[in-house]
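Encoded as structure tokens, the structure appears first; notes follow it.
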Amino acid sequence: METCIFCKILNKEINSYKVYENDFVIAFLDVLPMSPGHTIVIPKEHLSDVEEISFEQFSEMTRAVKIIGEAMMKGLEVEGYSVFLDNKSAANQHVPHVHFHIVPRKEGDGFERWAQSAYSEGEADFVATKISREIN
Amino acid sequence: MNDCIFCKIVSGDLPSYKLYEDDDVLAFLDIAPVHPGHILVIPKKHFKNFEEVPEDTLCKLIKVVKKLGLALKNGMGYEAYNIGENNDPLAGQIVPHLHFHIIPRKENDGLQLWPQKEYAEGEAQEVIEKIKKFL
């Protein structure tokens, strides 16, 4: 897509620090990293979110995450990384071209998980039923 | 693995709110949700992390994540969701059995991404060279 910043990176209209590329995906450094080595993995085709992407393309992206994650651990000597994908703007997706983040992690980096709560009596059952009946 | 809480959920030794199951993958509600409907997707076989899981199992997992993400939005009326996997204890992985979180989201629910900052001059180049050595 012409106005998409990730498509511009793909077409080399914008420079990037490329980490990995194959026929289906490309991975490059996030220029505003949460930690050094923070990498973005995108499909080469412009697809906005997980709903648009095919199972096969999603699998290709995930395979690339595994490959890059291992290289990241060895190359940057980190003992873990967080993988996330923000699907749609309400989930903090800022660029509408589906992408995984891989963020190298270190002891004491201060990245907190979001606060969790408990279900009230009967609520989990109700929720599970609502989701289950929409599974195709 | 005997003392793994997720293996016990797979075997039925511990109860769960099960959402989806096939030969290789199980999905159930996280009982301490960030928002109601927070889902965990795990391989039935015990693999600790991305390093241990074979590619074909990983692909089966991610397909279920996609399927369940849509059901979560449609069933609960959410607009969006985050997929997350904390790989290894230093990354905040609490249960050492590979799992994807699907966290449902609503506009302006106040959940923030981790802070970002810029690279120093030359730092980004150094970083990719270190990673690419192992690709």
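Order-wise, the sequence lines are chains D and F.
Taken in order, the first sequence gives residues 1 to 136; the numbers are from this note's numbering.
Taken in order, the second sequence gives residues 1001 to 1135; the numbers are from this note's numbering.
Ideal placement from N, C-alpha and C gives every residue a C-beta, glycine not left out.
Exposure label - residue i; buried when at least 16 CB within 10 Å
| i | result |
| --- | --- |
| F126 of chain D | exposed |
| K12 of chain D | exposed |
| L32 of chain D | exposed |
| G80 of chain D | buried |
| F1100 of chain F | buried |
| A91 of chain D | buried |
| F1050 of chain F | buried |
| Q1125 of chain F | exposed |
| A115 of chain D | exposed |
| P1054 of chain F | exposed |
| P1115 of chain F | exposed |
| D86 of chain D | buried |
| F55 of chain D | exposed |
| I1102 of chain F | buried |
| H151 of chain D | The question about residue 151 of chain D has no answer, for chain D in this structure spans 1 to 136. |
| H1038 of chain F | buried |
| A1120 of chain F | exposed |
| G63 of chain D | Note on residue identity: the sequence assigns Arg, not Gly, to residue 63 of chain D. R63 of chain D should be labelled buried. |
| S1011 of chain F | exposed |
| W118 of chain D | Contrary to the premise, residue 118 of chain D reads as Ala rather than Trp in this sequence. Its Cβ having fewer than 16 others within 10 Å, A118 of chain D is exposed. |
Straight-line gap, residue i to residue j (C-alpha atoms, nearest Å)
| i | j | result |
| --- | --- | --- |
| K1045 of chain F | L1090 of chain F | 23 Å |
| F1006 of chain F | L1014 of chain F | 8 Å |
| S48 of chain D | E1085 of chain F | 21 Å |
| P43 of chain D | A128 of chain D | 32 Å |
| R105 of chain D | E77 of chain D | 10 Å |
| I26 of chain D | E1129 of chain F | 16 Å |
| N1082 of chain F | F84 of chain D | 7 Å |
| P1096 of chain F | E2 of chain D | 43 Å |
| G69 of chain D | Q1093 of chain F | 15 Å |
| I5 of chain D | G122 of chain D | 45 Å |
| G110 of chain D | N1087 of chain F | 16 Å |
| K1018 of chain F | G1077 of chain F | 20 Å |
| I1031 of chain F | D30 of chain D | 33 Å |
| F1134 of chain F | Q57 of chain D | 24 Å |
| C1059 of chain F | K74 of chain D | 23 Å |
| D1024 of chain F | V19 of chain D | 31 Å |
| M72 of chain D | K130 of chain D | 39 Å |
| K1106 of chain F | I1062 of chain F | 22 Å |
| P36 of chain D | R133 of chain D | 42 Å |
| E1021 of chain F | P1043 of chain F | 10 Å |
| F24 of chain D | V41 of chain D | 10 Å |
Endpoints, the alpha helix (DSSP H) within which residue i is located
| i | result |
| --- | --- |
| L1058 of chain F | E1055 to M1076 |
| V83 of chain D | No alpha helix (DSSP H) contains V83 of chain D, which is instead part of the beta strand (DSSP E) from G80 to N87. |
| V65 of chain D | F55 to G75 |
| A91 of chain D | A91 of chain D -> no alpha helix (DSSP H), and no H or E assigned at all. |
| S132 of chain D | E123 to S132 |
| Q1125 of chain F | E1123 to K1132 |
| I135 of chain D | Where I135 of chain D is concerned, there is no enclosing alpha helix (DSSP H), given that its DSSP letter is neither H nor E. |
One or two residues paired with residue i in a DSSP bridge
| i | result |
| --- | --- |
| Y1020 of chain F | F:A1027 |
| P43 of chain D | D:V25 |
| L1040 of chain F | F:F1028 and F:H1101 |
| N1082 of chain F | D:D86 and F:I1103 |
| Y20 of chain D | D:A27 |
| N1087 of chain F | D:Y81 |
N- and C-terminal bounds of the beta strand (DSSP E) containing residue i
| i | result |
| --- | --- |
| R113 of chain D | Segment: none, R113 of chain D is in no beta strand (DSSP E) and carries neither H nor E. |
| V103 of chain D | F100 to R105 |
Beta-carbon separation (whole angstroms), residue i vs residue j, contact threshold 8 Å
| i | j | result |
| --- | --- | --- |
| V65 of chain D | F100 of chain D | 5 Å |
| V1137 of chain F | V1041 of chain F | The structure shown does not extend to residue 1137 of chain F, since chain F spans only 1001 to 1135, so no value can be given for it. |
| K1067 of chain F | I135 of chain D | 6 Å |
| L983 of chain F | F1047 of chain F | Nothing can be reported for residue 983 of chain F: it is not among the residues displayed for chain F, which extend from 1001 to 1135. |
Residue i beta carbon near the ligand ATP (any heavy atom closer than 6 Å)
| i | result |
| --- | --- |
| I68 of chain D | As far as ligands go, the structure on display features none, and thus does not contain the ligand ATP. |
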